[in-house]
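Chemist: Its first residue numbered 513, the sequence shown is counted upward by one per residue in the numbering used here. For glycine and all other residues, C-beta sits at the position ideal for the given N, C-alpha and C. Just so we're clear, the structure is a prediction, and the values are computed from it rather than from any experiment.
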Amino acid sequence: MTQTMTVAIVDDEPDMRESISQWLTLSGFTTEVFASAEEALKVIGPDWPGAVITDIRMPGMDGMAFLKRLMGQDSALPVIMITGHGDVPMAVEAMRLGAMDFMEKPFNPDRMTELAKKALQARRITLDNRALRRDLSEGQQVMSKLVGTSPAMERLREDILDLGQADGHVLIDGETGTGKTLVAHALHAVGPRASRKFVPISCAAYNDEALATRLFGPVGDGLPAVEEARGGTLCLEDIEALSDPLQARLLAFIADQGSPAETRIIAISNARGEGRRAEDSLRPDLFYRLSALKITLPPLRQRGEDILALFTRMTEQFADEYGCEPPQITAQEAAQLLQAPWPGNVRQLINVAERAVLQNRRGTGSITSLLLGDGEEAQTDATTTEGKPLKEYVESFERMLIDNTMRRHKGSISAVMDELCLPRRTLNEKMAKYGLSRGDYL
């Protein structure tokens, strides 16, 4: 919804502020009047959606002091000064301090209208640009949480950027713990609806009657989810938990919206890892509506070296939280992390990382013990659950270790040699082997 732009009129003389307001209102502007600068400052904040017209000569806080306060909280706010006889030099000084323009009394109403129009156009552009930067920043922040350089993650990020700009509804599926909710947030954050509401609802968290009320109303003093998310994104987690009657109501809601849909629906299915599929739980017409666009998240065990990158990031974050050093893992432990089947995916890895930090703080335990369930024994064969030689994973760890150390020391070969206890020739050979170049870190 487009934000209404308002002209704030600040003048201690009632006749003056009312006449300005009346003229601008007749010219099609929305106005708000204030009898003092102090009163106006209670309302006008850094992102005030409009412009300000203020007198210079006022009791209490005068127009110049008012201007300085406004510029201090938002230097891009258009301010037009009203000057009396002999105040022109002061108005020129005001423009040097950031005022947009000034009008002399008695002023030409047409010039006032033109200045107000120009001010609001400039303000609209400023606020739109700020909103765009915020949206882009939020999208970048969410995308940065999708850690990994594996082909599967590169494809996922590309899919998010592509589908985020589309209008169609989206179905996200994948095993438990793969980050489906994070991907839903990312789809919203990188798309044209980023400035609108993102409303998540867990369909499995309510009984049928409560879910019907939460989705479609009535909800007392609040809004049902379909209204709360209007123009934005409605995210329905555990979509397979919808009963047949609610599926019919959701289908009717989607049909009523027409195309393109005013409200986008992102449906999340958690059925895949349980031997079922979303299409087994949803009526066909609803499934095909929701899966017009589809993303299937890769399980962690298929993401290769991403496992080590995620583990490193998580242990550093938990170490910072607990005020201790992160654990230093060996090549053998790295290989065990890469071999693990990770049935709980990223969520399980986060739990293991936190426990590894706590163990390290106490000086006890090992990565191996954290990866084993009750009654399990450590793997001793030389192939992983994906059928890859253990040697490949040891090399992956070695490459990551050199890469991280080079990055931390900004390409200083001597510092890397000292930290990793490697002679120059050995370090050079390994960097050549793994395709690492010192120039990439300078």
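Give the range of the beta strand (DSSP E) segment to which Phe710 is assigned.
Modeler: As a first step, residue 710 is located in the sequence shown; it is residue number 198 there, counting from the start. Taken as a continuous stretch (DSSP letters only), the beta strand (DSSP E) holding Phe710 covers 710 to 714.
Chemist: Reducing DSSP to helix, strand and coil, say where Glu616 ends up.
Modeler: One-based indexing of the sequence shown puts residue 616 at position 104. Three-state DSSP puts Glu616 in a strand.
Chemist: Output needed for Lys617: all residues of its chain with C-beta closer than 8 Å, excluding positions within five of it in sequence on either side, in chain order.
Modeler: For this step, residue 617 is matched to residue 105 along the sequence shown. Answer for Lys617: Ile594, Thr595, Gly596, His597, listed in chain order.
Chemist: Just list the alpha helix (DSSP H) runs in the stretch 677 to 753, keeping only unbroken ones of 4 residues or longer that don't cross its boundaries, in chain order.
Modeler: List check, alpha helix (DSSP H) in window: 692 to 701, 720 to 728, 737 to 740.
Chemist: Near Ala664, what residues of its chain come up, given a Cβ to Cβ distance below 7 Å and the 5 sequence neighbours on each side ignored?
Modeler: Sequence index remark: in the sequence shown, residue 664 carries index 152 (1-based). Excluding sequence neighbours, Ala664 sits near Pro810, Gln814, Arg815.
Chemist: Are Val682 and Leu668 closer than 8 Å when you measure CB to CB?
Modeler: For the purposes of this step, residue 682 is taken as the residue at position 170 of the sequence shown. For the purposes of this step, residue 668 is taken as the residue at position 156 of the sequence shown. Against a cut-off of 8 Å, the Cβ pair of Leu668 and Val682 comes out as no contact.
Chemist: Quick check: the Cα distance between Ala634 and Val519, rounded to an integer number of angstroms?
Modeler: Counting from 1 along the sequence shown, the entry for residue 634 is found at position 122. Counting from 1 along the sequence shown, the entry for residue 519 is found at position 7. Each residue's Cα considered, the two are about 13 Å apart.
Chemist: What number of angstroms, rounded off, separates the C-alpha of Gly684 from the C-alpha of Leu883?
Modeler: Here residue 684 refers to the residue found at position 172 when the sequence shown is read from its first residue. Here residue 883 refers to the residue found at position 371 when the sequence shown is read from its first residue. It is Ile, not Gly, that sits at residue 684 in the sequence shown. Going by the C-alpha atoms only, they are around 28 Å apart.
Chemist: Compare the C-alpha of Pro561 against each of Leu632, Leu939, Ala552 and name the closest.
Modeler: One-based indexing of the sequence shown puts residue 561 at position 49. The shortest C-alpha separation from Pro561 is found at Leu632.
Chemist: Within 10 angstroms of its Cβ, does Glu749 collect 16 or more other Cβ (buried), or is it exposed?
Modeler: Indexing the sequence shown from 1 puts residue 749 at position 237. Result: buried.
Chemist: When the Cα of Ile925 is compared with those of Leu954, Gly947, Glu845, Thr625, which residue comes out closest?
Modeler: Looking up residue 925 in the sequence shown gives position 413. Of Leu954, Gly947, Glu845, Thr625, the residue nearest in Cα terms is Leu954.
Chemist: Please list the segments of the beta strand (DSSP E) lying wholly inside the stretch 574 to 624, counting only runs of 3 or more residues, in order along the chain.
Modeler: Qualifying beta strand (DSSP E) stretches, in chain order: 591 to 595, 613 to 616.
Chemist: Assign Gln654 to buried or exposed, taking buried as 16 or more other Cβ atoms, counted over all protein chains shown, within 10 Å of its Cβ.
Modeler: Residue numbering aside, residue 654 sits at position 142 when the sequence shown is read from its first letter. Here the sequence assigns Val to residue 654, which means Gln is not the residue at that position. Classification of Val654: buried, given that the 10 Å Cβ count is 16 or more.
Chemist: Look up Ala547 in the DSSP assignment and say whether it is helix, strand or coil.
Modeler: The residue labelled residue 547 in the question sits at position 35 within the sequence shown. Coil.
Chemist: When DSSP labels each residue in this structure, what does Thr542 get in the three-state scheme?
Modeler: For this step, residue 542 is matched to residue 30 along the sequence shown. In the structure shown, Thr542 sits in a strand (DSSP, three-state: E or B).
Chemist: Can you pull the DSSP bridge partners for Val564?
Modeler: Along the sequence shown, one-based indexing puts residue 564 at 52. Its beta-bridge partners are Ala520, Val591.
Chemist: So which of Ser771, Glu817, Met602 has the shortest CA-CA distance to Arg801?
Modeler: In the sequence shown, counting from the first residue as 1, residue 801 sits at position 289. Cα-wise, what sits closest to Arg801 is Ser771.
Chemist: For Leu822 and Ser881, what's the separation of their Cα atoms in angstroms?
Modeler: Locating residue 822 in the sequence shown gives position 310, where the first residue counts as 1. Locating residue 881 in the sequence shown gives position 369, where the first residue counts as 1. Rounded to the nearest angstrom, the two C-alpha atoms are 19 Å apart.
Chemist: Tell me the rounded alpha-carbon separation between Glu907 and Val695.
Modeler: As a first step, residue 907 is located in the sequence shown; it is residue number 395 there, counting from the start. As a first step, residue 695 is located in the sequence shown; it is residue number 183 there, counting from the start. Rounded to the nearest angstrom, the two C-alpha atoms are 31 Å apart.
Chemist: Can the beta-carbon of Ala582 be found less than 8 Å from the beta-carbon of Ile556?
Modeler: Mapped onto the sequence shown, residue 582 falls at position 70. Mapped onto the sequence shown, residue 556 falls at position 44. A quick correction: the sequence has Leu, not Ala, at residue 582. Contact flag set, yes.
Chemist: Could you tell me whether any Cβ in chain C is nearer than 8 Å to the Cβ of Phe799?
Modeler: Absent here is chain C; the protein component of the structure consists of one chain.
Chemist: Taking the Cβ atom as the reference point for each residue, do Ala773 and Asp679 lie within a distance shorter than 8 Å?
Modeler: As a working mapping, residue 773 is identified with position 261 in the sequence shown. As a working mapping, residue 679 is identified with position 167 in the sequence shown. Contact: yes.
Chemist: Using 10 angstroms around the beta-carbon of Ala606, count the other beta-carbons present and answer buried if the total reaches 16, otherwise exposed.
Modeler: Within the sequence shown, residue 606 is the residue found at index 94, counting from 1. Label assigned to Ala606: buried.
Chemist: Taking the alpha helix (DSSP H) that Leu802 belongs to, which residues open and close that run?
Modeler: Position 290 of the sequence shown, counted from the start, is the residue given in the question as residue 802. Here the alpha helix (DSSP H) through Leu802 covers 796 to 802.
Chemist: If you follow the alpha helix (DSSP H) that Arg850 is part of, which residue opens it and which one closes it?
Modeler: Along the sequence shown, one-based indexing puts residue 850 at 338. Note that residue 850 is Leu in the sequence shown, not Arg. 843 to 851 is the extent of the alpha helix (DSSP H) around Leu850.
Chemist: Between the Cα of Arg795 and the Cα atoms of Ala760, Thr542, Glu828, Gly703, which residue gives the shortest distance?
Modeler: Within the sequence shown, the letter at position 283 stands for residue 795. Among Ala760, Thr542, Glu828, Gly703, the Cα nearest to that of Arg795 is on Ala760.
Chemist: Quick check: the Cα distance between Ala927 and Ser662, rounded to an integer number of angstroms?
Modeler: Sequence index remark: in the sequence shown, residue 927 carries index 415 (1-based). Sequence index remark: in the sequence shown, residue 662 carries index 150 (1-based). For Ala927 and Ser662, the distance between alpha carbons rounds to 29 Å.
Chemist: Out of Met570, Trp854, Lys692, point me to the one whose CA is closest to Lys806's CA.
Modeler: Stepping through the sequence shown from its first residue, residue 806 is reached at position 294. Ranking Met570, Trp854, Lys692 by Cα distance to Lys806 puts Lys692 first.
Chemist: Just to confirm before moving on: does the CB-CB distance between Val522 and Asp567 stay below 8 Å?
Modeler: The residue you call residue 522 lines up with position 10 of the sequence shown. The residue you call residue 567 lines up with position 55 of the sequence shown. Contact flag set, yes.
Chemist: Taking DSSP's pairing of strands, which residues face Lys806 in a bridge?
Modeler: Within the sequence shown, numbered from 1, the residue matching residue 806 stands at position 294. Answer is Leu683.
Chemist: Which two residues bound the contiguous beta strand (DSSP E) that contains Ile777?
Modeler: Reading the sequence shown from its first residue, position 265 is the one you call residue 777. 776 to 780 is the extent of the beta strand (DSSP E) around Ile777.
Chemist: Quick one: what's got a C-beta closer than 7 Å to Gln769's C-beta in the same chain, skipping five residues either side?
Modeler: Counting from 1 along the sequence shown, the entry for residue 769 is found at position 257. Here the set comprises Thr775.
Chemist: In terms of residues, what are the limits of the alpha helix (DSSP H) holding Met929?
Modeler: The count along the sequence shown starts at 1 and reaches residue 929 at position 417. Note, Met929: alpha helix (DSSP H), 925 to 932.
Chemist: Assuming Gln871 is part of the alpha helix (DSSP H), what are its boundary residues?
Modeler: As a first step, residue 871 must be located in the sequence shown, where it is residue number 359. Element bounds for Gln871: 857 to 874.
Chemist: Would you please state the rounded distance, in angstroms, between the beta carbons of Arg911 and Tyr946? I believe it to be under 8 Å.
Modeler: To locate residue 911, count along the sequence shown from 1; it is residue 399. To locate residue 946, count along the sequence shown from 1; it is residue 434. At roughly 4 Å, the Cβ-Cβ gap stays under 8 Å, so Arg911 and Tyr946 are in contact.
Chemist: Is it the case that the stretch 839 to 859 contacts the stretch 718 to 729, given that we only count it when at least three CB pairs across the two stretches are under 8 Å?
Modeler: In short, these stretches do not touch, since the Cβ pair count stays below three.
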